[in-house]
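As they're listed, the protein sequences go chains A and B.
Its first residue numbered 49, the first sequence is counted upward by one per residue in the numbering used here.
Its first residue numbered 5, the second sequence is counted upward by one per residue in the numbering used here.
Below is one structure; the comments refer to it alone.
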Amino acid sequence: MLEKVNVALAQINCKVGDKKHNISIMKKNIRQAKEKGANLVIFPELSLTGYLNRDVAYELAESIPGPSIHSLEEIAKKESIHIVFGMPEQSEKAHAVLYNTAVLLSPAGLIGKYRKMYLPTHSVFEEKRYFRLGYEAPVFETEMGKMGLTICYDIFFPEIPRLLRLKGAQLIICISASPAVRSRFFEVFTAARALENTVFLAYVNLVGVENGLQFWGGSRIIAPDGSILTKAKYDEEDLVIGTIDYADLERAEAFVPTLRDLRPELFDSLREQAEKM
Amino acid sequence: MNTLELTSDALKLDLPSVETRIKRFIKDYVEKCGAEGVVLGVSGGLDSCTTAALASLSLGGHKVLGITMPEEETHNATDIQHAKLLAKKFGFDLQIVDISSTLKVCFQSLPIYDATDKISKGNVKARIRMVYLYYYANKLNRLVCGTSDKSETMMGYFTKWGDGAADISPIMDLYKTQVRQLALHVGVPAEIVAKPPSPGLWPSQLAEKELGIKYETLDLILFGLEHFMKSREIAEQLNLPLKLVEDVKRRWLATEHKRRLPLTTKLGYRTVGKDFRLPHKPY
């Protein structure tokens, strides 16, 4: 496993419903990231298709593995790079059952996937209308470190990042499609989730305009002490690279010992109270 | 949760950010459509002047065509002068097209025309202006850019399929008092911003008189309703009679039909305007 990883945040502007176009943009960014020395390149939520697909999501969704995965596996292999991206996933058992999924590929092929657990269905969001909730939050042991995946609104809840950290994650990735009116929430939550878990957090957001929603970009890598290591531009396409040094984890854990001071006996009470709400 | 404070501060904007977002929205959509630019009605009033200014700043004046459509009954030389002043300042083309003769023919051909029914008559004016704008848009491969603000849209204070008809409405998420802030910020002349708003459908028509409320108050009531506040809370905070707030709320709810596609009854598997939920194209 690498001790230091160069992580590329590929903040792209996707075309809704046009997988071919989006894959070509992803390929271009992967090549550029590789040229700049990246080991891992991360794309935003639903970057394969764009975010607001509405009813067309049923046509666009693919099973995993599927044709788009194969296409991106080829480039991961060719460029010898790890890739994280988002796509609407179709269940193999019931084709109208979709998931909002993050996929992790290595040069050797598909490593795994994460299905979004918190689906926003309020304000301009209507994800529960189309997607089924995910039920698992796996941590993947890779050459790039132990990684956990999350998607956008998941980061509003401390539970998944904490669970991933307790399962051993060193790097939590959050891929996102966040419109500008919500930027301040993400600026706070990304820092909070990294700091409260003393973990690296890479956040990658879309840019561009879909149906009047303006995605604000602002992708970033947060260090385990909550500081911003690398940050992409607001509102515009960008590709930035930050280096994660896993040796920093131990220093942060000693200085901000939230993991040492965890109180598991509160968790049962949290559950009881949440169920009664 | 703290009560939302309904003061003018609640309506303050981050003006540079709002300006940037509106300009980006216009440019992005016009480019995605492959259109040559926009055409919009420029009456010389606050909303149309602000929209024309923003469109020019976004696309460049050469891609913005303003059409001023005066007619005999409401002819206002100051408004026309203001439209010309703005066009010069922001570098967009302005055409003055008098619609009086069209209106005359239209009214004459209506078997049930009633000159004393000023609302029906006024709505024809707004709809004729829409017809003209869409002619220009079709002919010149441009989009029609609406100029409605959030206050009048929420109140249904516009003509359905008239001035409410457009391809994009860049300032429709800003209340009137917010449009005033933005107008001054982008350089719309103060004399235009200071004018009392009028739809100009009949002589001496004034929006605030017709609505029965000042925009400063109306906008705060609407802002409260937008934020799920109860009528009573809004009335208490603004020290207004409850009836006034409830009248505004009633009007807002009663005019939802003006903000939607025509209603149909559900018969099929997926139905236009109900559960046919497609992505907006172009995006």
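Even for Gly, the Cβ is constructed at its ideal location relative to N, Cα and C.
Straight-line spacing of the CA atoms in B:I225 and B:V68 works out to 34 Å. The beta-carbon distance between B:S202 and B:Y179, rounded to whole angstroms, is 18 Å. This is too long to meet the 8 Å contact definition. For the pair B:A170 and A:S95, the Cα-to-Cα distance works out to about 31 Å. Judged by DSSP secondary structure, A:D202 falls outside any beta strand (DSSP E); it is assigned neither H nor E.
In the three-state DSSP reduction, B:C149 falls in the strand class (E or B). In this structure, the CA atom of A:M49 is about 57 Å from the CA atom of B:G272.
Per DSSP, reduced to three states, the secondary structure at A:H69 is helical. Residues of the stretch 49 to 69 of chain A whose Cβ lies closer than 8 Å to any Cβ of chain B, in chain order: K63, V64, G65.
Of all residues in the stretch 32 to 53 of chain B, only D32, Y33 come within less than 8 Å of chain A when Cβ atoms are compared, listed by chain position. For B:P20, the uninterrupted alpha helix (DSSP H) run begins and ends at 19 to 37, by DSSP. Beta-bridge partners of B:C53 (DSSP): none assigned. Straight across, the Cα-Cα distance linking A:K279 with B:P193 is about 39 Å.
Residue pairing by DSSP places B:M134 in no beta bridge whatsoever. Between B:D18 and A:D283, the alpha-carbon positions lie close to 16 Å from each other. DSSP places A:A56 in the strand class (E or B) of the three-state scheme. Shown here, A:V229 sits in a helix according to DSSP, grouped into three states. For B:R263, the number of other beta carbons within 10 angstroms of its own is below 16, and it is reported as exposed.
Per DSSP, A:I131 is not a residue of any alpha helix (DSSP H); the beta strand (DSSP E) it occupies stretches across 130 to 138. DSSP lists A:R268 as the beta-bridge partner residues of A:K279.
Between the alpha carbons of A:I90 and A:V252 lies a gap of roughly 7 Å.
In this structure, the beta-carbon distance from B:Y140 to B:R146 falls below 8 Å. Using a CB distance below 7 Å, the part of the stretch 19 to 30 of chain B facing chain A consists of R25, R28, F29, ordered along the chain. About 5 Å separates the CB atoms of A:A217 and A:V187; that is less than 8 Å, so the two are in contact. Under the Cβ criterion (8 Å, minimum of three pairs), the stretch 287 to 306 of chain A does not count as touching the stretch 120 to 134 of chain A.
Taking the C-beta atoms as reference points, B:P74 is found no nearer than 8 Å to B:D32. For B:H86, no Cβ of chain A is located within less than 8 Å of the residue's own Cβ. The beta carbon of A:Q80 lies closer than 7 Å to those of L287 in the same chain, with the five residues before and after it left out. Burial of B:S152 is indicated by the presence of at least 16 other C-beta atoms within 10 angstroms of its C-beta.
If you look at A:Q218, you'll find it isn't in any alpha helix (DSSP H); DSSP assigns it neither H nor E.
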